[in-house]
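Since the structure comes first, as structure tokens, the remarks are kept for the end.
Protein chains in written order, with my numbering: chain Y, 1 to 482; chain F, 483 to 798; chain S, 799 to 1475; chain R, 1476 to 1695.
Below, the structure written as structure tokens:
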């Protein structure tokens, strides 16, 4: 039942806003729907935490601790982002970058995007998961090109082509999975249901599954933004409206990684952990290192943080690749803190760019003077994302690194070097933007900074103290991932 | 030995050094005059100079801080203390354990720092010049001195001067190459620290070359007298250190009154020789250019370190 | 009841006080009239907490190690806290020094604007608390947490005046090097862990490493913590960041923060790794000697007072490392007593340096605060304008110059004594090496004396120079009351540590024996009472600063009174003798740069100098001299260039052609398929 | 054993599919490309229908119907309308010349077969050998997307890839569940529409559909 609500609310919101998205109160409606979704997801979470996994609608939907925590996270960040986008899009409108029609598109697509992500998380049918993933691409591609500038069109085009092609590979992988499954489960719908596959995963044909995993990894990995499949990501993040960058970084990447991990679990059943694990660790490490070196060359602030997202997705992929309770725990925790921190950063970045009138980092100076809250938000957020204690990102990185040190000690030097370079690059850029003399000016609407500091507060709290129920929850999920 | 006697010895030695120091200066000057076949002044001349200076009325530069006026007393006190530490007449004195060779070097450093500060207090160009040169000499001479003493300390396994002198004095005679190195280094340090040729020339006020005189240029009367006296004690102390380290024979045990006359006799003899030697060196050598002074002293430093190493390599 | 008991135990007490600091930090942010609050309430209370911490530490040294576990942190790794002798000693250091600095700060920040002061107060107390937690931490996670929080809070304090670009770059450099060091430390913990158990220090102690890994761990710890301590060649941030910070913060950073790095080294090397090897000691000694000489030689070239003091911090870290290295060599060869002596010398110098360097930075702060000057070449004659500050500064200067009977001398004396133990070593080479390090120490000591003659003579003595850029506060008076109390507290510390070393020797002996299992020899302990300091045995070496002081004061006074009684006390005042030059302007005095000239002449090759000589025709001839650190050109810039090069090559991945991007995906796919087949 | 006739038919159609894929790879004219796409769709639909009849999987009839509607009629028609409105009937220049492309393509086909053979052995379906062909056509479409320079052919390549995937789904594994097929079809449809919208935006921004104009966003 909760599942229906969780999925139904954003869908309804999408329809409503498709009709009324151009009204003045559309942003409020957007926020309200997102909040309702969030509330429903809380209900769902409590239910699952209370009495275990749920199967709904003749097993088409499946909720276990792993995805319910992502559902809650997605709904929460979706809500806060909606709050942030209220003043942000108003200001954009007054700067004349978007007109009402596009605002309407924006709002309804925003809800639809939330819907597709939740669908992808909740669906038990691997094929439906794929469909939802593609739907997520389709619903965001027009948002990336919302401003209709040449750059945004180019970014959207690349995003569309690369992700569609990647997703196509994933479909092939899914077909192979089905191909392997139907020999065990027989033809028909049930052989695409993840739960069923999970039961018989030990009997599935190894060679087929290895091929299938390659296709799935390349496919979903494109959306995760693994190097060298990442090229759409910085463009899309830089050129789309900031709320979209926030949800892309904070949520979509997570969802894609979720899909990878789900398939990994199946494949591990047949092939053992080493095969998928080594692949994921390789991709993760490559992403971390390459992204770290890219960071130092950025001029556009959103681009830079997009690369930082690639780096962190690399860390998570590495963590899940290593496997084991601690690493998986760390990976989940890193998912949480990264999406919270990164979206908070994008909130501040959005307002900072609006104040300075440019996304070029050389043009943004001395935010501390014009608005201390934005300044502190940006500097604390960056420090958090760079893995500075006492923020939670450090916690997960600590666990990942320490696990890596005695399980794959060869990898740790790369990770650490990459972290050091990333620190130099990002903080060297952020500091002059925050401190010193300013160039920015006041804004017509007061920026929405509650989301920023709410996120940062949660991240800080997670750095100091992980509540027992949350830990238990993560542990269950980690156990599922294995 | 009973402490009363020891303390008496201590006091006696200190007073003896303070009183005898100007005599040594006079003796050195006299020898030098002989060697340069000038008509020699009286050996007692330094005493008369001091007396004269004490009687005069001091002229103090305007803008002098209290530091300027207290420094002469501090200098005098430091040197007097040094005279108390060095076993001049006897070993095992009660004050000896309170300060070993490192502390001794520390005392000299304290004096140097204060005199340099006082020199900079007035704010004339000469004061700064003197202070700078003095510290330049110091930063090389001090470690060289320390290394020399360490060589002896390694041989005797102690940094207490009295212990060193006991061990060196009561051993059967043996040649220590390390000590030879140390002796040369010590001699060079002695010349430098006491503002002697070839580093400095106490007899001139030539601003291109003067070091010590430039520092005390502003002093007059009783302050000057105290400084001159302190300088004399310093020379005396250095010479006695040298004697204690390299030719310690004949020194008395603390509280042993019978050995005292012999100790005094040998000491006077050694000092007479040393003073003559100093005068000879000062006559034979020419004053170095100031910028060569660091090289002179760094070679002293290296010699001292070499001595220490040879101790490990030979006696090793 | 048990909670009360826990709170009364040293661990609980220290924890409570650290939390109190945090509470003050939060309270500072409460907006209502927070300037007055911070000035009148926050800083004094912080000072009181500091004294409390010092007492807790002093008490805990003599107690067995106490542990405490908080239900925070990672789910399977809660915060472990532990107060053993070592931590207790450093708590004592932290508390006592920070107390003085906090009192001073209450006066120093009196004219700060409200908002800024709130931030400063918050960050300042977070800084103190994080240092306390670094000392209390007993697991890797909490340690790293506190360690990085310390770096972060101090970074924000450093860039308080972030309007100046130089200060921003200094802050960035500082945080970057600190972070890299932290990464090395983290890696070190990972190596120590060895794959079993959790990351509590007990588990790390228990883990057995084979030689190779132990050496790796040592190197990581040494350079990781060294980055924070400012050892060669990772010192570059220190002379930039310490001057940039407000003076009380500089005092804390130089006095206490870099000591936490020493704490980390000792903790990891002697406690966590356990089996110390003499080769490691040699590494420490070589680096330490290099750091010592480098620090003092560059300090002699400075004319910015706080920068000069920062370079002296580098030097003193080197001296501490010399003692530490000697201790490691002796322990490595199995000479427990001598090793303890070296360790004790190092720790004692750590404490001493904390006290007198704190004092000196506070003095520099008072000068800056009341006259607005920080360039020595603009000062002069300050002793007339601020006599009290001049007095305290003189004490600090004498102490750092290692002159008896103050505290700097004692620790260097102990280090020398440790070096003189070399005779007991079997290995001939090492035995003949130790005296060389002693020689380095001697040289450094003399150079320090020269440097502080320069500082004191140029800044406080002589006549006021007409500054090149006139001071913003021309007619400033002496330091205010609170500032003076702060300085007096630390100056008293200089005397206390200098005059009663043997009592501290016993404390440190306890620390060393708890760490290495060996203390000083029995005869040493029996011979050294409150009056006599005897490190090994009475006939080998002894020192009694109190007798020393009494004697020197006695003879000086004696001389004074005799002279005054026998002769008249008259004095006449006149212009200084002008040597025949009609006018003597104050510009004829030696400047700080001029004073360093002999050093430039002797050690020329060490520096990277850029001289600009005035041409013959210039109306206002000016001779300028720029001295730079060669390490920039040897180490830092090349590394930066290398990273730049690599990233420029990697950037070729992204040339914007969608076909190429598709090709990447295609090739990846094919490659993986091939890999699978 | 004697291979049943239906299977032979499917194999023939599979070969046809591959042939068309090659033809697209070598084709220079947009209109012809669209025609080929339609033909490919037709072959796909027919093969799906045959599989349905021979195995009696009723839902495959729906998907055959769906395919026919979508890929033979609707999408080609949309593309036609687009290029009419956008006047893009010119020849297509490729990045690499056609013969090289063909060579690479042949290499890909061999690779795909080598990859698929062991799997096909274990397949339970009648039409096992088609998996290799499906994979081959997917890879060929991929190659086509890489080498084409204009927006429209790239999209056509994407659709061809979808065709290959469909073929894999239907022939190799008697079709996915209907839900999934519907979803996939929907996605393809929406995708095509969005592509259409894009063409117009791109046109009005760059007044050309040459994607060389879209190489601004890059690392310097």
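Ideal placement from N, C-alpha and C gives every residue a C-beta, glycine not left out.
As the crow flies, the alpha-carbon of residue 1693(R) is around 14 Å from that of residue 159(Y). Less than 8 Å separates the beta-carbon of residue 1684(R) from that of residue 1561(R).
Annotation note: the segment 526-582 of chain F contains the following uninterrupted alpha helix (DSSP H) runs of length 4 or greater, listed N- to C-terminal: 527-537 and 548-567.
For residue 864(S), the enclosing beta strand (DSSP E) begins and ends at 864-872.
Closer than 8 Å to the CB of residue 1480(R) there is not a single CB belonging to chain S.
For residue 659(F), there are no C-beta contacts with chain S under 7 Å, since the nearest C-beta of that chain is about 14 Å from it. DSSP, reduced to helix, strand and coil, places residue 1625(R) within a strand of the structure shown. Residue state for residue 936(S) is assigned as coil, using DSSP reduced to three classes. Contact check for residue 1419(S) against residue 1297(S) fails: the beta carbons are separated by 8 Å or more. Residue 1221(S) belongs to the set of residues whose beta carbon lies under 8 Å from a beta carbon in chain F.
Taking 8 Å as the cut-off, the Cβ atoms of residue 4(Y) and residue 108(Y) do not count as close. Distance from residue 1216(S) to residue 1280(S) at the Cβ level is roughly 39 Å; contact not present, criterion being Cβ atoms closer than 8 Å.
Below 8 Å, enough C-beta pairs join the segment 1036-1046 of chain S and the segment 1099-1115 of chain S to call them touching: three or more.
A direct Cα-Cα distance of roughly 13 Å separates residue 653(F) from residue 733(F).
Separation of the CB atoms of residue 887(S) and residue 850(S) is rounded to 16 Å, and the pair is thereby denied contact status at 8 Å.
For residue 253(Y) against residue 190(Y), the beta-carbon gap comes to about 31 Å, at or over 8 Å, which does not count as contact. Shown in chain order are the members of the segment 415-443 of chain Y whose Cβ falls below 8 Å from a Cβ of chain S: 416, 419, 420, 421, 423, 424, 427, 428, 431, 432, 435, 436 and 437.
Residue 1553(R) and residue 1472(S) have their C-alpha atoms some 38 Å from each other.
Of all C-beta pairs linking the segment 715-729 of chain F to the segment 664-678 of chain F, three or more are shorter than 8 Å, placing the two stretches in contact. Taking all protein chains shown into account, residue 1436(S) has fewer than 16 neighbouring C-beta atoms within 10 Å of its C-beta and is therefore exposed. By the rule that beta-carbons nearer than 8 Å mark a contact, residue 1388(S) touches chain F.
In the three-state reduction of the DSSP assignment, residue 63(Y) falls in the strand class. Closer than 7 Å at the C-beta level to chain S, one finds no residue of the segment 1504-1515 of chain R. Between residue 1302(S) and residue 1295(S), the beta carbon gap of about 6 Å places them in contact (Cβ cut-off 8 Å). Unbroken alpha helix (DSSP H) runs of no fewer than 4 residues, entirely contained in the segment 701-760 of chain F, are found at 703-728, following chain order. If you compare the alpha carbons of 226(Y), 130(Y), 21(Y) and 405(Y) with that of residue 313(Y), the shortest gap goes to 226(Y). Straight across, the Cα-Cα distance linking residue 1409(S) with residue 1100(S) is about 15 Å. Per DSSP, residue 1425(S) is not a residue of any alpha helix (DSSP H); the beta strand (DSSP E) it occupies stretches across 1422-1426. Residue 877(S) sits in a strand when the DSSP states are folded into three classes. Between residue 202(Y) and residue 984(S), the alpha-carbon positions lie close to 39 Å from each other. If you check the CB distance, residue 1026(S) and residue 976(S) come in under 8 Å.
Taking CB atoms only, residue 1101(S) has no neighbour in chain F less than 8 Å away.
In this structure, the straight-line span from the alpha carbon of residue 215(Y) to that of residue 1089(S) is close to 56 Å.
Counting along the chain, no alpha helix (DSSP H) covers residue 1407(S); the unbroken beta strand (DSSP E) around it starts and ends at 1406-1410. Around residue 1691(R), the beta-carbon contacts reaching into chain Y at under 8 Å are 150, 151 and 154. For residue 695(F), the CB contacts under 6 Å within the same chain, skipping 5 residues up- and downstream, are 687 in chain order.
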